[in-house]
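Working notes for the structure below.
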């Protein structure tokens, strides 16, 4: 404390030089983390000085300690007010800049007048600083800023003659708008857009980024405006600063959505995007990383842009690991028949490297190539077998995981390798690899002589296995039993009892009970369910969900694009903020097929279940529906199954244990959850897969109404997703739907919402939430569902059409 | 928008200096940075973005420092990294070396710069030449009257001040092409490209207007010329002084140059280039006994040209010992700390072929640590020559005072990322 005392004396010295040295010492102490707040009044006393360096130091001190000494901070107000009128613009700007950083509520109102003057200052350096100060003040006291009319002044600065002032005003407005999404601050119109585009050519690299990021929030009125903005933004692709380039790419990727695909300019723009994206890969590694994460998105949205650029993503020895992993991911996305040989050669090279994570990903990549490029599957499998021969433990496990996927994609094609896989059974210690191996054995049980022995060997340590392995073992053994019932009764009894009686895991218990009932009541139905033909997997499983992808494209260059998560998933206080969307194309029918229109925020909701309250038209809260479904399984609703549950009919089985009904009651995620998961099997992220839509009702059969559809589970709710296309000559209205009795008691959870009349040649996407409280009737086949559809057609009047949705349980 | 705060940390994670720009994140959050970074390093999953709860750290490393930007918003990540690299550039121009000592010795200037470079998370003036006009290390000597904002800061021409004077007006143009090559172990070229850079040293008075003419194929096609060799530039990047819209519309490179040294433009050319120095290698590893290395280097460029300061770097196992070398020219040296043999050839004429043999002993007890497969890398420079054939056709210099100025041009080709994978 003698030090503080000494400093105090020096600060109050008469000699200017000594004073300044003392303030420097204070700042030095502050820098190394010492608390020098006790000197507040003494330092503030030095504020009134004509020495610029001293003034800066005092200001710095103020910014650091004002918050902890709010009462004394008022002492500084006078000097600020005075400095804002200093003849030297550097001092005026310094004062207004520092003022805004003193985050003390009490003094903010004193700062309004000086700020107002500085916003109108003759010197652009002062104005550009004042513009930012408005954002600072807004952060401390938004109401005050609005009452004082600063927001309007800020908007006026967008028309300022000086480009740097424009850029900072845009930045400040964007910042305020982002924290107040409903403020409608940035009501961009063609006039302001034009001003921004003019300033774009003249301001600094950073200013260009502010402007481009702001432009990206604008939705052009039509394709012509869209094109003209694109034309004025493309020159930015030649800027040396990578961040300018990425922000320009964001604007172009977004506005491109509005251009008709047959427009020459659309093609030109696509061609212009590739070279700058490739050049980003010569930037510093961290910038390369951001670029690669974004290229990953761009490649998914517009694969044509970089389809010829495979080789620039080849991994170099000295690339940092995060760059290597990203390049690998993009290589797979770009893999095609044309370049697959080259890609595989590279992947094989990488798989013999030493970096474990990289090697694993390389092995996995080989599997993904096999799934993506059918012609290469054979070569991929043989490459994987070569790698298994290396006996490097993690390589073997990774290879088995991907071979399982290859089996899923090409059933009955590569079983010859199973023998080799089985040789490595003992070395598998990772759950994913064990589960994959069990799946393979169960799936091909009829061709593996000792399948029962292999599966039994896993059963010993059943309770020590992870859930993933337990579930798989349960399903695997049931499959085995259905294929070879005579020798494996004991085994299946054993696994059923392990799963239902000795396990605390509700999913495992539920699945166990369902199998048990199925097997004991109707083995034929069991066969149909458990051994149902599975939908083929495709590379789509690792594509980003289309609505999320759209949102991420709107956030190119930002953290969201790096994390591949919507901002609402990681920014506090962004709840309820509207998710950004790409603008639509001119005609509805031109929308890219991969995108699911409407349902805007599904994925956002998936990631952040508590974000938005369910809207009236949205799906009902998932729990109630499922709970009822689960109860229904027990109650009279499921009469057919319950009736079949007569113990005497249980051929060769002991009746399910008496505890069963209570267990059935317990879990909220009811049996139906598992039923729907049965066929899905391994490796499928829960709920993210839905088979592509198929035509349920061809137009010919329904006076021009074509219905194609699929089932999906989103946010835990089963949804029937349909595309209704009017192929008739007249308008269709009054849609309604009815479900006939079906095996699962599926029924709509609400009315079919088709708000607009459907004009000729128009398509509409409808999503219908379902529950399972409807009447149950066993169907043949089990997963058949009959729907009745009503429409009203001009000229034809009402129509009623019945049709079947095949294979609804197959996902 | 970008950063809530910026920190400069030492290697242990101690804060050397910091600036809180927005006051929306607790500054103590930075204490989580180093433990998380170390954890990631241990897991082998190092990443330029680290998050802790709602706080995200975007960081780069420079010599013995970490520069970290902290945010709790959906920041523009590419802007943040560009800005952090800009910080390095500005500090380096101010202090020659940016390292722990220079930060500590100059903390007053560092604070002033941090205040000027960014405001409320928005990068502002970052041109160090302009900054040096009003933020100086000898601040004490400045009279108040002199310390004014140069109008340059807010001018449309924010990179050049008015009133610059030279007795002799000259501009030096360096055209430097770097060759990037990746060759597979079986000798096929996986990828190759040329990254060119045109650097200026401008010593011109006043506010000169410059126009640079290159033998750019697109330009020639636009103007209907088709004489002589032209070059197709796949992608071009310009210093902010170049009028981009002008280039976009008629391929004219016109600009008011920054004073002194600057990189005017860079370009990338995709054409398949023959690797200028071709390497064939045979590396045989006899476990527990020895490694035999044979490297042949061949100059695949014009006989009249000479490559200077050629270095062929051949990886050897980390446990190799007792090196023996034999070279047909130049000399070979073992660099144990990098596990490399460096074969240096001062002057390597085009068309020539040289040979190097090396022999290493290996310990009888094998190193059980797995080693990667580093490639052979090559360094060289070939003066008076560009691989792409790019040429400066003219540099027009117009200043309202009407002085005559001389442009000087120099060409050089050098190795960039030049890697040849090996079998071992």
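Chains as they are written, first to last, in full-length UniProt numbering: chain A, 1 to 811; chain B, 1 to 424.
We put the CB at the ideal spot given by N, CA and C, even for glycine.
Treat the numbers as computed from the prediction; the structure is a model and nothing was measured.
Item                                                                                                                                                               : Value
Do residue 46 of chain B and residue 218 of chain A come within 8 Å of each other at the CB atom, strictly closer than that value?                                 : no
Is residue 288 of chain B buried or exposed, if buried means 16 or more other CB atoms sit within 10 Å of its CB?                                                  : exposed
Out of curiosity, what's the CA-to-CA distance linking residue 816 of chain A and residue 406 of chain A?                                                          : Only positions 1 to 811 of chain A appear in this structure, which leaves residue 816 of chain A out of reach.
Tell me whether residue 188 of chain B sits in a helix, a strand or coil according to DSSP, three-state version.                                                   : coil
If contact means a Cβ-Cβ distance below 8 Å, which residues of the segment 370-398 of chain B contact chain A?                                                     : 370, 371, 372, 373, 374, 375
What did DSSP end up calling residue 341 of chain A once you bin it into helix, strand or coil?                                                                    : helix
With 16 as the cutoff for other CB atoms within 10 Å, does residue 477 of chain A come out buried or exposed?                                                      : buried
For chain B, check one thing: does any of its Cβ atoms lie closer than 8 Å to the Cβ of residue 275 of chain A?                                                    : yes
Relative to the C-alpha of residue 20 of chain B, which residue among B:417, B:6, B:31 is closest?                                                                 : B:6
To which residues of the same chain is residue 406 of chain B closer than 6 Å at the C-beta, ignoring the five residues directly before and after it?              : 170
At 7 Å on the CB atoms, spell out the chain A contacts of residue 487 of chain B, in chain order.                                                                  : With chain B represented from 1 up to 424, any question about residue 487 of chain B goes unanswered, as that position is not in the structure.
Between residue 181 of chain B and residue 419 of chain B, how many whole angstroms is the CB-CB distance? I'm expecting something under 8 Å.                      : 7 Å
Note down, in chain order, all residues in the segment 402-424 of chain B with a beta-carbon under 8 Å from any beta-carbon belonging to chain A.                  : 417, 419, 421
Would a check of beta-carbon distances place residue 814 of chain A closer than 8 Å to chain B?                                                                    : Since the first residue of chain A shown is 1 and the last is 811, residue 814 of chain A is not available in this structure.
Work out the CA separation of residue 387 of chain A and residue 380 of chain B for me, nearest whole Å.                                                           : 38 Å
Taking the alpha carbon of residue 378 of chain B as the reference point, which residue from B:290, B:267, B:364, B:348 has its own alpha carbon closest?          : B:348
Residue 340 of chain B and residue 296 of chain B: beta carbons closer than 8 Å?                                                                                   : no
Residues of the segment 304-315 of chain A with a CB closer than 7 Å to any CB of chain B: list them in chain order, please.                                       : 311, 312, 314
Can you give the Cα-Cα distance for residue 176 of chain B and residue 292 of chain B, rounded to whole angstroms?                                                 : 37 Å
In angstroms, rounded to a whole number, what distance separates the CA positions of residue 550 of chain A and residue 242 of chain B?                            : 34 Å
Check the C-beta distance from residue 766 of chain A over to residue 697 of chain A and give it rounded, since I have them as a contact under 8 Å.                : Wrong, their Cβ atoms sit about 13 Å apart, outside the cutoff.
Is residue 259 of chain B close to chain A? Criterion is C-beta to C-beta, closer than 8 Å.                                                                        : no
In whole angstroms, what separates the C-alpha of residue 224 of chain A from that of residue 266 of chain A?                                                      : 12 Å
If I measure Cβ to Cβ from residue 393 of chain B and keep anything under 7 Å in the same chain, skipping five residues before and after, which residues do I get? : 213, 214, 215
Could you check which residue in A:769, A:98, A:699, A:157 has the C-alpha nearest to that of residue 763 of chain A?                                              : A:699
Going by DSSP, what residues sit across from residue 583 of chain A in a beta bridge?                                                                              : Beta-bridge pairing links residue 583 of chain A to no other residue.
For residue 65 of chain A, go through chain B and note every residue whose CB falls closer than 8 Å to its CB, in chain order.                                     : Neighbours of residue 65 of chain A on chain B: none; closest Cβ ~12 Å, over 8 Å.
For residue 742 of chain A and residue 721 of chain A, what's the separation of their Cα atoms in angstroms?                                                       : 18 Å
Can you say whether residue 384 of chain B is buried or exposed, counting buried as having 16 or more other CB atoms within 10 angstroms of its CB?                : exposed
Return the CA-CA distance between residue 246 of chain A and residue 214 of chain A, expressed in angstroms with no decimal places.                                : 13 Å
Run down chain B in chain order and give the residues with a C-beta less than 9 Å from the C-beta of residue 56 of chain A.                                        : 108, 111, 112, 115, 139
May I ask which residues mark the beginning and end of the alpha helix (DSSP H) holding residue 168 of chain A?                                                    : 163-179
Less than 8 Å between the beta carbons of residue 112 of chain A and residue 92 of chain A, yes or no?                                                             : no
Using a Cβ-Cβ distance under 8 Å, would residue 339 of chain B count as near chain A?                                                                              : no
Of the choices A:148, A:570, A:254, A:353, whose alpha-carbon is the least far from that of residue 390 of chain A?                                                : A:353
Just the chain A side, please: which residues come within less than 9 Å of residue 95 of chain B by C-beta, in chain order?                                        : Near residue 95 of chain B there are no residues of chain A at all, since even the closest Cβ is about 16 Å away, more than 9 Å.
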